[in-house]
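> Each residue of the sequence shown is one higher than the last, beginning at 2 in the working numbering.
Submitted below is the structure of interest, expressed as structure tokens.
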Amino acid sequence: MDPGTLAITSAVVGGAGSLINGYTNSRNAANQATAAEYNANLADRNAGIAYQQGVAREEQQRRQSAQQLGAQRAAVSESGFDPSSGSALDVQVQSTGSAELDALQTRYQGILQANSYEEQARQSRMQAAQYRSNAKTALIGGVIGAGTSALMGYSSFARLGAAGGVGATSGYASRSLMYGFGG
């Protein structure tokens, strides 16, 4: 194989390799972006579930507290004390306040859990955006690499021609001139 053909073949193979590598890296990054979006959607769904579970737990806590407070009032009444005055009332007020704090704490835990899922969703979406950017960059890099290979091949071919390594009768040079490429 003459040096000119070798230079052009090397450029074509290098360029094709750059394009394939860029495309492959772009597809991989795009697939990672899809996976990150899926994770974001899953985290959003989990956040909604966490909110709903938090509300359900809060309502359950309130029902249990109401039952306990009712049992407490009944016990005070059965013992002969007036549940609407004195220390019996003070105990009920304190119990009601504690029950409300328990319900609010239960709600807060649900909110914290949901917020955690929402943060995961935000981070996954940011990651997906970065992967999409990487996909574009990889594709552009592949095209630039292919262009660089083509320019380097042309440069090598031109140097060979200037040095007398590629003559008018060499295989590639004569074919390229015949088809209108090159000189």
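Note that beta-carbon positions come from the ideal geometry of N, C-alpha and C, so glycine has one too.
Which of helix, strand or coil does DSSP assign to S11?
Position 10 of the sequence shown, counted from the start, is the residue given in the question as residue 11. DSSP places S11 in the helix class (H, G or I) of the three-state scheme.
> Pick from R133, Q62, G148: whose alpha carbon is nearest that of N26?
Translated into positions along the sequence shown, residue 26 becomes position 25. For N26, the nearest C-alpha among the options comes from R133.
> By alpha-carbon positions, which one of G143, M127, N116 ends up nearest to Q53?
Translated into positions along the sequence shown, residue 53 becomes position 52. Put simply, of G143, M127, N116 the residue whose alpha carbon is nearest the alpha carbon of Q53 is N116.
> Looking at C-beta atoms only, is the number of pairs between the stretch 5-16 and the stretch 93-107 that lie closer than 8 Å three or more?
no
> Cβ of A37 within 7 Å of Cβ of Q128?
Position 36 of the sequence shown holds residue 37. Position 127 of the sequence shown holds residue 128. Taking C-beta atoms as the reference points, A37 and Q128 count as a pair closer than 7 Å.
> Are three or more beta carbon pairs between the stretch 133-146 and the stretch 13-24 nearer than 8 Å?
yes
> Where R46 and N32 are concerned, what is the direct C-alpha to C-alpha distance, given to the nearest angstrom?
Mapped onto the sequence shown, residue 46 falls at position 45. Mapped onto the sequence shown, residue 32 falls at position 31. Straight-line spacing of the CA atoms in R46 and N32 works out to 21 Å.
> Which residues in the same chain have their Cβ closer than 6 Å to the Cβ of Q114, if we skip the five residues on either side of it in sequence?
On the sequence shown, residue 114 is found 113 positions in, with the first residue counted as 1. Closer than 6 Å at Cβ, skipping near neighbours: A51.
> Given 8 Å as the limit, is there contact between the stretch 148-157 and the stretch 79-95, that is, 3 or more CB pairs closer than that?
no
> Leaving aside the five residues before and after S230 along the sequence, list all residues of the same chain whose C-beta is less than 7 Å from its C-beta, in chain order.
Not covered by the structure: residue 230. The range shown for the chain is 2 to 184.
> What number of angstroms, rounded off, separates the C-alpha of G15 from the C-alpha of T35?
Within the sequence shown, residue 15 is the residue found at index 14, counting from 1. Within the sequence shown, residue 35 is the residue found at index 34, counting from 1. Looking at the two C-alpha atoms, the distance is approximately 30 Å.
> For R160, I'd like the list of residues in its chain whose CB is within less than 7 Å of its CB, leaving aside the five on either flank, ordered along the chain.
In the sequence shown, residue 160 corresponds to position 159, counting from 1. Around R160: no qualifying Cβ.
> Report the residue from G81, S86, E101 whose alpha carbon sits nearest the alpha carbon of R58.
Working through the sequence shown from its first residue, we reach residue 58 at position 57. Taking each of G81, S86, E101 in turn and checking the Cα distance to R58, the smallest one comes out for E101.
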